[in-house]
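Chains as they are written, first to last, in full-length UniProt numbering: chain F, 1 to 410; chain Z, 1 to 410. All C-beta atoms, glycine included, are put in the ideal place defined by N, C-alpha and C. These figures come from a predicted structure and were not determined experimentally.
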């Protein structure tokens, strides 16, 4: 029997015990009737996106979950960020993730320029693209919020270049380091770019307005994550012979999805931020599942709440994801669908960053065995019927239940 | 302490929830007092014959369980089938699995010629061997039922040849495809062979008699599974320093057992079919365990019931296997023996083929830890003390309990 598949990744889902929750994790504390329903009829487990104890990035974790060995595939985040904002790159391009930031007296006072809006950032990006001249061709494009992407055309050989991001406020930007002669050239170009962009930004009308409103100005660029063309041996869609769609807003993950052959969709209202419209995503997923064999839905704000050490907010974001899933399961034929829910990694509040803790995993729908687990949470997952698997096991297990694997042998 | 080992493989054992069983699997639904007794005193788990989500063939799964990487070892089923019917092959032979089938007006109307008897098939095979002349030396031999084996001497280089089996009734046979020049020669020989065999079979007395009785005639050969000498680096018996015997009827698995050094035994009444005499196998296993260190018992009909989508029959076949196991454990010293029971793969009724679902695993006997699991079934195995392991972990775990492993390090 052929079934369709839907994979929902709740970013940074896994956590550790929270004292104010009496030792429960945000996922255990949250009220999640829909996930619990799936847990009852399906099967739970834990998955290590890469391997036990190894914190994964969102990019490497998604690569791994979609079946690619990140140690062989991964060539830096910048490339996925650039793909994620819709750029089509060449094999010899070098791409970077950029933050709009606020600098004052040579000190970075806000790494995100007061979380400047997407519209403002796009206007600033346009001014930079038009007014900055460099010795090489470049593309500078705004993504969402304070995020942007820089591409240096034809400079891939200089990928051994560092970053100017000090990673905390109150410090001056770093000088770009470099690992070889080609990368030294890139470092010089980046220094020149940052300086010229600063001049364009400083008195730009967008910033004049922010200054008047008492908001941090976006007058500096922090550049990191040099990335080149990833080594994707075969696209996900070819490998499994499926038509695949992704519903998501986050550029980095969008880039991964594009790189492996997914058609990507960002419904109106899906922002990747706390205010994201989960129902818009749910509806898009249900619609796409009519045309596509495999739909991947990415839900971002849980991760941000972990990074911000806000357990209550993280639990609320889990509840938001649960509502999204509720709409989806009410509007599909579960017997003819395999649904998997997991995170790309754990982002425990106490760590305020990704950790190597294994991530809760749930598989339900047609043909799925059941276990004794009753609700979706770290503790129940430990006694689930999937056991402890690797991130790269998830898709083959789904495809097998979807009737899309081939026997090896007779 | 040195112990003996007995490994019982119930073919296609694992399954998915069956609606008419209230969501239980055939193994959970079946009445299995002996397996449950072993589950209570032993330890349970789940094993992936190859890897999660990857459906294994019976040949590749057995290779994996006996410790061989099937991706490196496997060279097609035909060779194991040929070894399984007792042929001794050379490194440059090319072997095939053959079905006696029924053709009418150019259409295959029965892929198994009405499940013709072993005796009839052997008589027909003899007629083909004696009357067909080919440009190369060949061996054609009946196996069990409608199954036979063809060996083309010295033609191994032409292994990139397809099959003429359309894999469903109501279709014409396929032409043999080929991947290179050597294989083109093999394809031509096979076309000639099939045509000449058809002429021998059409009016053979065995078929004249079947025609009169209104039975499907065995007047055509379907050929598939080209196989050459497998890459077995060291025999199982050498690797572990054990004397090993196998009790089984299925040619394919017999071939694997022979290839890795087992002495193979097929007791009278062991057919590999629904009617197999499980007590004959049990008695043979108990007898052999007196002389041998390691005895492997293969039980086939559970797999057939899965392929046929007959959950009740599958449960009955599980009960048959349970009776076989009951006789064995009553007639051996369990303290001095390690007994493992598992399947080579799952054959869920809903799939009607092998799936990538993990397979129940049980280990009991002397020295074995106990867990909280109380009966042998998919759900109990999920909470078993073995956890989720790979097929190739089973034998080392057994050998360690049997006191036959060596410390690595100091």
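query, result
"Contact under 8 angstroms by Cβ, residue 191(F) with residue 176(F)", "yes"
"Span of the beta strand (DSSP E), counted from its first residue to its last, around residue 99(F)", "94-104"
"Cβ pair count under 8 angstroms reaching 3, the segment 129-140 of chain F against the segment 232-240 of chain F", "no"
"Host beta strand (DSSP E) of residue 360(F) (start-end)", "359-365"
"Paired residues, beta bridge with residue 297(Z) - DSSP", "8(Z) and 247(Z)"
"Proximity of residue 278(Z) and residue 340(Z) at Cβ, strictly below 8 angstroms", "no"
"Neighbouring residues, chain F, relative to residue 54(Z) (Cβ below 7 angstroms)", "396, 405 and 408"
"Where residue 342(F) sits in the DSSP three-state scheme", "strand"
"Span separating the alpha-carbon of residue 117(F) from that of residue 216(F)", "12 angstroms"
"DSSP bridge partner residues for residue 142(F) (one or two, in chain order)", "148(F)"
"Classification of residue 167(Z) by the beta-carbon crowding that lies within 10 angstroms, buried from 16 upward", "exposed"
"Through-space distance from residue 31(Z) to residue 20(F), alpha-carbon basis", "48 angstroms"
"Closest residue to residue 228(Z) among 157(Z), 268(Z) and 111(Z) (Cα-Cα distance)", "157(Z)"
"For residue 176(Z), the three-state DSSP class (helix, strand or coil)", "coil"
"Buried versus exposed call for residue 71(F) [16 or more other C-beta atoms within 10 Å across all chains shown]", "exposed"
"Chain Z contact for residue 388(F) (CB, 8 angstroms cutoff)", "yes"
"Under 8 angstroms by beta carbon: chain F residues contacting residue 59(Z)", "409 and 410"
"Boundaries (first-last residue) of the beta strand (DSSP E) holding residue 411(Z)", "Residue 411(Z) is absent from the model: chain Z starts at 1 and stops at 410."
"Under 8 angstroms between C-beta atoms of residue 152(Z) and residue 189(Z)", "yes"
"Proximal residues of chain F, C-beta to C-beta of residue 383(Z) below 9 angstroms", "371, 372, 383 and 385"
"Chain Z residues whose Cβ lies nearer than 8 angstroms to that of residue 400(F)", "53, 54, 55, 355, 356 and 357"
"Straight-line Cα distance separating residue 88(Z) from residue 74(Z)", "18 angstroms"
"Residue nearest to residue 123(Z) in terms of C-alpha spacing, selected from 219(Z), 165(Z) and 161(Z)", "219(Z)"
"Partners in chain F for residue 50(Z), counting only beta-carbon separations shorter than 9 angstroms", "408 and 409"
"Contacts that residue 1(F) makes with chain Z (C-beta to C-beta distance below 8 angstroms)", "350 and 351"
"Entirely enclosed beta strand (DSSP E) segments - the segment 31-98 of chain F, minimum 3 residues", "43-48"
"Residues bridged to residue 262(Z) (per DSSP)", "According to DSSP, residue 262(Z) bridges with nothing at all."
"Inter-residue Cα distance where the pair is residue 14(Z) and residue 359(Z)", "5 angstroms"
"Reference residue 379(F); option with closest CA among 362(F), 395(F) and 397(F)", "362(F)"
"Per-residue DSSP class, three states only, for residue 218(F)", "coil"
"Reduced DSSP secondary structure (H/G/I, E/B, other) of residue 280(F)", "helix"
"Pairwise C-alpha distance: residue 273(F) and residue 69(Z)", "46 angstroms"
"Candidates 140(F), 165(F), 160(F) and 195(F): closest to residue 180(F) by CA position", "160(F)"
"Below-8 angstroms beta-carbon distance, residue 367(F) vs any chain Z residue", "yes"
"Residue(s) in a DSSP beta bridge with residue 227(Z)", "95(Z)"
"Per DSSP, the bridge partner or partners of residue 161(F)", "178(F)"
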